[in-house]
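Q: First the structure, which I've put down as structure tokens, then a few questions once you've had a look.
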């Protein structure tokens, strides 16, 4: 029996948590336990999109063949249309840019994607359901460890705690309280208050109508609809739709966003996810072009989601506790980057922990390297996703419209060109870069001087 170097507990069995568990299972001398709050490992939601940067990580983890079987189109390194951008909040829509990238966007039905990762988990990775974390504490006897407290009254102990428990993360909340107590002891009361506030999610002012549309239903209503064959972005004032085919073209992933930027950061006092009527969506997209109306009229069951994000933290790490995915950096969905960033977090963190140089005595060094590399990158993506949202919803300063846009209108055409240019500039990291450089830089830190931080 292999002697274990240390014990890792992962709270959260979504894409990020399971990817981290899968990546850690490559190292047989690390004990891995995954604690999921739900009664079973399931993934809610409809579609999930991945860019080449994240796809290459999944290939390295041995998932390529099985994920290819459930992808909308087979992966490729050749240029492929990722999205067509179209101004849709007018009687006659106007397509104004085709985003073609190496590999394009890989689209999956989220439960299919989640299921592939779950099936690849090693038998040595222990999974536990019905375990909602309430809090944790640090113990020092007989040796330093972290004790986990679950809602059902049970407890567990680990050497490293990874919070992958989503935007409502209990780990993030507790970590923020730890950081706040440190600065409060230094007399920095306002900074402590900011940290406490950053521990909780905040409403973005945006709601999303999400649904799966059977492709055959849309085809009957609009046989030539563009979305049957390609991903589309429909842009409009204060609103935007992201729609693309999934499940080998049998369904259309529908996500329509409605934004009130004056409410950004306020509290949302209704259920975050709620069933709504088709009529509510129709009312919000009244006056939009026929392509959009055909989509909305094809809705059968639709949920309204209140999109929540998190404020940037000064660190993703406190002691031997680390955050990843939405628990670390919940972001707006306007780059399709949330799942991909959680995969990157998971891969870098697992690789650092699994490295032979990381022992029980040097865990802190690995976690500091993770934070030094992943936090700045993920927070830049978080900000770029928000800026893309302003562009999508025609709220970016100087790029608004007071009349229908036509290519024959020089002023409108120039604005559309600048919108597409800014969107691509914000987004090109997803297909023009890889994780390799960041990962190598993090690994080099395992040999360098210890990164001393006020939070450690």
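In the UniProt record's numbering, the protein residues as written are 1 to 456.
Ideal placement from N, C-alpha and C gives every residue a C-beta, glycine not left out.
These figures come from a predicted structure and were not determined experimentally.
1. Under the rule that 16 or more other beta-carbon atoms within 10 Å means buried, what is residue 119, buried or exposed?
2. Given a cut-off of 8 Å, decide if residue 219 and residue 228 are closer than it, judged by their beta-carbon atoms.
3. Using CA coordinates, which residue listed in 284, 276 and 210 is at the minimum distance from residue 251?
4. Suppose the cutoff is 6 Å on Cβ atoms and the five residues either side in sequence are ignored; what does the same chain contact list for residue 457 look like?
5. Look up residue 445 in the DSSP assignment and say whether it is helix, strand or coil.
6. Starting from residue 340, trace the alpha helix (DSSP H) in both directions and tell me its first and last residue.
7. Using beta-carbon positions only, say whether residue 336 and residue 105 come within less than 8 Å of one another.
8. Is it true that the segment 379 to 399 meets the segment 226 to 246, where meeting means three or more beta-carbon pairs spaced less than 8 Å apart?
9. Cα-Cα, which of 303, 258 and 192 is closest to residue 313?
10. Does the beta-carbon distance from residue 57 to residue 423 come in below 8 Å?
11. At which residues does the alpha helix (DSSP H) containing residue 405 begin and terminate?
12. Taking the DSSP output, what are the residues bridged to residue 147?
13. Tell me whether residue 214 counts as near the ligand ZN, meaning its Cβ is closer than 7 Å to at least one heavy atom of that ligand.
14. How many Å lie between residue 93 and residue 296 at the Cα?
15. Exposed or buried, what is residue 320 when buried is set at 16 or more other beta-carbons lying within 10 Å of its beta-carbon?
16. With C-beta atoms as the reference, is residue 446 less than 8 Å away from residue 365?
17. Could you check if residue 436 is buried or exposed, using at least 16 other CB atoms within 10 Å of its CB as the buried criterion?
18. Could you give the residue range of the alpha helix (DSSP H) that holds residue 292?
19. Are the segment 24 to 36 and the segment 73 to 84 touching by the rule of at least three beta carbon pairs closer than 8 Å?
20. Which of the three DSSP states, helix, strand or coil, is assigned to residue 236?
21. Any idea which residues DSSP pairs residue 268 with across the strands?
22. Where do the ends of the beta strand (DSSP E) carrying residue 429 lie?
23. Are there 16 or more other CB atoms within 10 angstroms of the CB of residue 414, so buried, or fewer, so exposed?
24. Along the chain, which unbroken stretches of the beta strand (DSSP E) at least 3 residues long are found entirely within the segment 23 to 52?
25. Among all the DSSP beta bridges, which residues are the ones paired with residue 109?
26. Mind checking if residue 123 is an interface residue toward chain C, Cβ cutoff 8 Å exclusive?
A: Here's the rundown:
1. exposed
2. yes
3. The residue with the shortest Cα to Cα distance from residue 251 is 210.
4. No answer is possible for residue 457: it lies beyond the span of the chain, which begins at 1 and ends at 456.
5. helix
6. 338 to 354
7. Contact flag set, yes.
8. Taking one beta carbon from each stretch, the segment 379 to 399 and the segment 226 to 246 have 3 or more pairs nearer than 8 Å; the two touch.
9. 192
10. no
11. No alpha helix (DSSP H) contains residue 405, which DSSP labels as neither H nor E.
12. 137 and 157
13. As far as ligands go, the structure on display features none, and thus does not contain the ligand ZN.
14. 15 Å
15. buried
16. yes
17. exposed
18. 290 to 297
19. no
20. strand
21. Bridge pairing for residue 268: absent [DSSP].
22. Judged by DSSP secondary structure, residue 429 falls outside any beta strand (DSSP E) and instead within the alpha helix (DSSP H) spanning 429 to 432.
23. For residue 414, the number of other beta carbons within 10 angstroms of its own is below 16, and it is reported as exposed.
24. 30 to 35 and 47 to 50
25. 47
26. No chain C appears in this structure, which consists of one protein chain only.
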